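So the structure is just underneath, and the comments pick up after that.
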Amino acid sequence: MSKLINDIDKELFEKAKLALDRAYSPYSKYSVGAAVRTSTGDVFTGCNIENAAYGLTICAERVALFKAVSEGKRDIVELYVIINDDILPSPCGSCRQVISELAPDARITLVTVDGKHKEYSVKELLPNAFTLDKDE
Ligand code: THU
19 MSKLINDIDK ELFEKAKLAL DRAYSPYSKY SVGAAVRTST GDVFTGCNIE
69 NAAYGLTICA ERVALFKAVS EGKRDIVELY VIINDDILPS PCGSCRQVIS
119 ELAPDARITL VTVDGKHKEY SVKELLPNAF TLDKDE
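Just so you know, we're using the numbering used here here: the sequence shown kicks off at 19 and counts up by one.
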């Protein structure tokens, strides 16, 4: 069951929504926004950015994660992903792999602009993720 809007993290919801408005998706016309928060409270946002050479497209989740990591912030505790639809977004397989490496302990919230949302752990989204770590 999806939760109601009052359970939502307002800051991440609003910032992910602003990022959604900045999506560059002229080819798919499918806009996605994302926002991550680190353990020290820093927030980084991302949107999907497409290209006429379609394979160069990057998803909103990875933009937000890469912005955090490139600013030296790796302890990501929350990730919000938002779309402007009634159905919840679902991170693609590539994003799940990147999330599992860069934000393994994050709580992932998938949300619509109306505030319908559902939370997941990284393991729930990608069980048995690929890793080079032999102890995993
Ligand atoms: N997309 C994302 O940004 N995140 C997802 O989780 C799924 C897909 C983007 C990529 C592309 O620009 C558009 O949505 C349609 O696939």
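Using N, Cα and C, we set each Cβ at its ideal position, and we do this for glycine too.
Here the structure is a predicted model, which means the values were calculated and not measured.
May I ask you to report which of helix, strand or coil DSSP gives residue i?
i    : result
A53  : strand
R80  : helix
M19  : Legend: pLDDT at M19 = 48, less than 50; position of this residue unreliable, no value from coordinates given.
V129 : strand
K35  : helix
S139 : strand
How big is the Cα-Cα spacing for residue i and residue j?
i    : j    : result
L36  : A147 : 31 Å
D39  : S49  : 8 Å
G90  : E119 : 15 Å
L143 : F31  : 20 Å
P122 : V140 : 6 Å
S43  : D104 : 19 Å
F62  : K136 : 20 Å
T58  : Y45  : 37 Å
Given 8 Å, three or more beta-carbon pairs between the stretch 69-76 and the stretch 92-105: no
Chain-ordered residues, beta carbon under 7 Å from a heavy atom of the ligand THU: S43, S46, Y48, V50, N66, E68, T75, C77, A78, E79, V99, P107, S108, P109, C110, C113
Residue ranges of each alpha helix (DSSP H) within the stretch 60-107, 4 or longer: 78-88
Any 3 or more C-beta pairs closer than 8 Å across the stretch 98-111 and the stretch 76-83: yes
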